[in-house]
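Here's the structure, in structure tokens; my notes come after.
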Amino acid sequence: MAQAISARGKLAARLARHSTGIIASLLFLAPIVWTALSAFKPAAEARLPPLPPWPTTGVSLENYATLNSFGDGLWVSAQNSIYVSVMTVLLSVIVSVLAGYGFSRFRFPFKDLFFVLILSTIMIPFQSILTPIFLVLTRLGLHNTLTGLVGVYVTLQLPFSIFMMRNAFDAVPREIEEAARMDGAGNATMLLKVMLPLVWPGVVTIALFAFLGAWNEFLAALVLMTDQSKFTLPVMMTALQSGRFGAIDWGAVQAGVTVMMVPCLILFLALQRFYIRGLMAGAVK
Amino acid sequence: MTTITASTTAPPRARKLVGAGRRQWIGLIYVAPAVALVMVFFVIPLGMTAWMSLHNWPLMGEHTFIGLDNYWAILRDTRFWNALKFTGYYTVVVTIAIFAVAFPLAIFIEKPRPLTNLYRTFFFMPAVVGFASASLLWSWLLNVDSGLFSPAAYDLGLIDRKFNLLATFQPAFWSIIAMVVWKVAGFTMIILMTGLQSIPQDLQEAAVIDGAGPFARFRAITLPLMRRTLALALILSVAGSILAFDQFYIILRGGPRNQTLTAVYWIFNQSFVSFKLGYGAALSMVLLVILVALSLIQLWLLRKPEGLD
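Same order as they appear, the protein sequences are chains A and B.
So that you can map any letter, position 114 of the first sequence is 114 in full-length UniProt numbering, and since no number is skipped, the others follow by simple counting.
So that you can map any letter, position 269 of the second sequence is 269 in full-length UniProt numbering, and since no number is skipped, the others follow by simple counting.
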């Protein structure tokens, strides 16, 4: 009898648990799924009631086409975003791997000062130094260029990614290096062939954070990119949504938001454990 | 094989000295690109912010030194003080709201059970979407005519007139809170989860044997042992909220009636809409001092309490 009750109690608890989980999941996922589905509605359907969320009169790419006809087009902004994000990933990985290795394995003048300097940038928000960044870029001839934006984004990533890489290199036993040195490995071989494979998970983590950071950044891109052909996706979409190019087409907004969200979601789903690793590193620090 | 013997038999001190002499400059070369970037895009702009804040600095034309005049002007800038007040209010409300949602979620997904990983992933997904994307998405959801909430409620017969959530302060403010909680709660949840997982299981079990109920255990074990994690989650939430811009710019444009201007929004406005760069720099300095002060308080919160691990 008692056993039957407790079994029933367990079942009830499990049911309660999963219904909570499912409802909460729906709340978190609904806006994403809803937007992605609505983006495939034909334009005429956008004036109909918002329920149901999926297209009822056939799947259409009309919204994407409309979006592409705004200003310089979806594709130009998407290319800008891809370029900026990929360059940010490449450069922040190169710079952080080098610096992480340097800070982990060498002694040199001003080492501690430089390390603290780089880490302390996390305390001061870039939002408060945006005006002079604008002037510095102008002075360097990088005003209104994607290269300038990449420079800013890479710098923003440095405190996190250098900290991450230094810890990754610290975790590699020195014996491995000494053995390779004895086998005649030079500096380049040492870093590329011996060390890099061992710190690879750290590299994936910083690359992922660099991509998400650059792909999603808004304020710096809004301020530094004045030429419409240089807009990244968030800036282009904001111009569209504010009605700067005529009446707001919400179907096109949904299509654009979908384009902005999908790469982040795919990368996250594919590289979840690297993302969590990065969060932990941040949390332990 | 030979390498191991060679490295263990070599006199350690001599080897170290040779290494040190040769290695020094190489290390500097490795960190040079990072240091150069931080100099160009951080240290110099930071110095310039301080310097510019003492000038009348229009976008075009000569800038002139005016001493502390910008700072005196800030004292009379009611818009800025209102923006600061609003930012503070928003920070407090949104942080409480985020914790109120994230803490139960963290407890819910803490233990590995069937489907927990799936729930974790689902709850977290909005957190990887950018703030700009999330804001654009919600600007559609919240739109009075073509959005979801108001038209759907109207179509379902729940309201008899479509209601514009963004037209007046209270509904607009709470709409933003809802959006930010949706976007950020998963992130805070994961951080709190790591804290929960680091609590030794036997401590909880011992407390159960001592007859402590769930609430007593939460107060006596969970909360004190999560002090550092809670402080970290708090820091991230507070720092992020004080710098809030995207959602207020994209969804509300500072409206209704400039009631939702945040501090960063006002700095953006003065610097890049009115092109008063010197004044914008002075405003930035004020915000920067506030944030550094908060960071220091937070570091003080983060230091390990005595007697614990």
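We put the CB at the ideal spot given by N, CA and C, even for glycine.
Just so it is clear, the structure is predicted and the values come from calculations on it, not from any experiment.
Which residues DSSP lists as bridging residue i, in chain order
i, result
"THR64 (chain B)", "B:ASN56"
Where residue i falls: helix, strand or coil (DSSP)
i, result
"LYS276 (chain B)", "strand"
"PHE40 (chain A)", "coil"
"ILE199 (chain B)", "coil"
"GLY32 (chain A)", "Note on identity: in this sequence residue 32 (chain A) is Ile, with Gly being the wrong assignment. Helix, per DSSP."
"ILE290 (chain B)", "helix"
"GLU175 (chain A)", "helix"
"MET39 (chain B)", "helix"
"GLY58 (chain A)", "coil"
"ALA185 (chain B)", "helix"
"GLY213 (chain A)", "helix"
"ASP170 (chain A)", "helix"
"VAL31 (chain B)", "helix"
"ILE248 (chain A)", "coil"
"GLN170 (chain B)", "helix"
"SER295 (chain B)", "helix"
"LEU17 (chain B)", "Interpretation of LEU17 (chain B) is limited by its pLDDT of 42, a score under 50 that renders its predicted location unreliable; the figure taken from the coordinates is listed afterwards. In the structure shown, LEU17 (chain B) sits in a helix (DSSP, three-state: H, G or I)."
"THR194 (chain B)", "helix"
"SER271 (chain B)", "helix"
"MET226 (chain B)", "coil"
"VAL86 (chain A)", "helix"
Beta-carbon spacing of residue i, residue j below 7 angstroms
i, j, result
"VAL238 (chain B)", "ILE118 (chain A)", "no"
"VAL253 (chain A)", "GLN241 (chain A)", "yes"
"PHE218 (chain A)", "VAL128 (chain B)", "no"
"PHE108 (chain A)", "GLN24 (chain B)", "yes"
"GLY213 (chain A)", "ILE162 (chain A)", "no"
"ALA167 (chain B)", "PRO256 (chain B)", "yes"
"SER96 (chain A)", "ILE206 (chain A)", "yes"
"ALA132 (chain B)", "PRO234 (chain A)", "yes"
"VAL181 (chain B)", "ILE98 (chain B)", "yes"
"LEU53 (chain B)", "ALA293 (chain B)", "For clarity, residue 53 (chain B) is Ser in the given sequence; the question names Leu instead. Result no, Cβ atoms of SER53 (chain B) and ALA293 (chain B) do not sit closer than 7 angstroms."
"ILE251 (chain B)", "SER135 (chain B)", "yes"
"LEU51 (chain A)", "ALA50 (chain B)", "no"
"PRO224 (chain B)", "LYS183 (chain B)", "no"
"ALA210 (chain A)", "SER92 (chain A)", "yes"
"MET165 (chain A)", "ALA180 (chain A)", "no"
"MET236 (chain A)", "SER295 (chain B)", "no"
"LEU29 (chain A)", "ALA255 (chain A)", "no"
"THR57 (chain A)", "PRO42 (chain A)", "yes"
"THR91 (chain B)", "ILE242 (chain B)", "yes"
"LEU142 (chain B)", "LEU156 (chain B)", "no"
"LEU198 (chain A)", "VAL172 (chain A)", "yes"
Neighbouring residues, chain B, relative to residue i (Cβ below 7 angstroms)
i, result
"TYR101 (chain A)", "TYR30"
"VAL154 (chain A)", "LEU37"
"ALA63 (chain A)", "Reading off the sequence shown, one finds Asn at residue 63 (chain A), where the question assumed Ala. The contacting residues do not exist; ASN63 (chain A) stays about 12 angstroms from chain B at best."
"MET261 (chain A)", "VAL129, SER133"
"MET123 (chain A)", "VAL292, SER295"
"VAL257 (chain A)", "SER133, LEU136, LEU137"
"ILE162 (chain A)", "ALA34"
Contact list for residue i against chain B, beta-carbon separation under 8 angstroms
i, result
"VAL253 (chain A)", "LEU136, SER139, TRP140"
"TRP215 (chain A)", "GLY130"
"THR20 (chain A)", "PHE108"
"THR238 (chain A)", "ALA132, LEU136, TYR249, ILE250"
Contact set between residue i and chain B, taken where Cβ atoms lie within less than 9 angstroms
i, result
"PHE274 (chain A)", "Those do not exist, as PHE274 (chain A) stays about 12 angstroms from chain B at its closest Cβ, beyond 9 angstroms."
Within chain A, partners of residue i - CB distance below 8 angstroms
i, result
"THR49 (chain B)", "SER128, ILE129, THR131, PRO132"
"ALA281 (chain B)", "THR131, PRO132"
"ILE190 (chain B)", "ILE276, LEU279"
Under 7 angstroms by beta carbon: chain A residues contacting residue i
i, result
"LEU261 (chain B)", "Chain A residues near LEU261 (chain B): none, gap ~15 angstroms exceeds 7 angstroms."
"TYR71 (chain B)", "Simply none; closest approach about 15 angstroms."
Residue-chain proximity (residue i, chain D), Cβ-Cβ < 7 angstroms
i, result
"LEU98 (chain A)", "This model lacks chain D altogether; the protein chains it does include are A and B."
Beta-carbon neighbours of residue i, restricted to chain A and to distances below 9 angstroms
i, result
"MET52 (chain B)", "THR131, PRO132, LEU135"
"ILE177 (chain B)", "Result: empty, since nearest Cβ-Cβ is about 15 angstroms, beyond 9 angstroms."
"ALA100 (chain B)", "The premise fails here: ALA100 (chain B) is roughly 14 angstroms from chain A at the closest Cβ pair, so nothing lies under 9 angstroms."
"TRP266 (chain B)", "Within 9 angstroms Cβ-Cβ: nothing; TRP266 (chain B) doesn't reach chain A, min ~12 angstroms."
Exercise for the section: Evaluate contact between the region 93-103 of chain B and the region 176-192 of chain B, counting only Cβ atoms and requiring at least three cross-stretch pairs below 8 angstroms. Expected result: Result yes; three or more Cβ-Cβ pairs closer than 8 angstroms.
Problem - At least three beta-carbon pairs within less than 8 angstroms, the region 260-280 of chain A to the region 155-167 of chain B - result: Too few Cβ pairs lie closer than 8 angstroms, so no.
Problem - Cβ contact check for the region 28-37 of chain B and the region 137-150 of chain A: 3 or more pairs under 8 angstroms - result: Short answer: they don't touch.
Exercise for the section: Mind the definition here: the region 266-284 of chain B touches the region 123-137 of chain A only if three or more C-beta pairs lie below 8 angstroms; say whether that holds. Expected result: Enough Cβ pairs lie closer than 8 angstroms, so yes.
Exercise for the section: Could you tell me whether the region 260-268 of chain B touches the region 75-90 of chain B, using the rule of 3 or more Cβ pairs below 8 angstroms? Expected result: Yes, they touch.
Problem - Three-pair Cβ contact test at 8 angstroms for the region 282-299 of chain B versus the region 73-81 of chain B - result: In short, these stretches touch, since the Cβ pair count reaches three.
Exercise for the section: Please confirm if the region 104-123 of chain B is in contact with the region 16-29 of chain A, defined as three or more CB-CB distances below 8 angstroms between the two stretches. Expected result: These segments touch.
Handout entry: Cβ contact check for the region 229-236 of chain B and the region 294-302 of chain B: 3 or more pairs under 8 angstroms
Key = In short, these stretches touch, since the Cβ pair count reaches three.
Exercise for the section: Could you tell me whether the region 147-157 of chain A touches the region 71-88 of chain A, where touching means 3 or more Cβ pairs closer than 8 angstroms? Expected result: Short answer: they touch.
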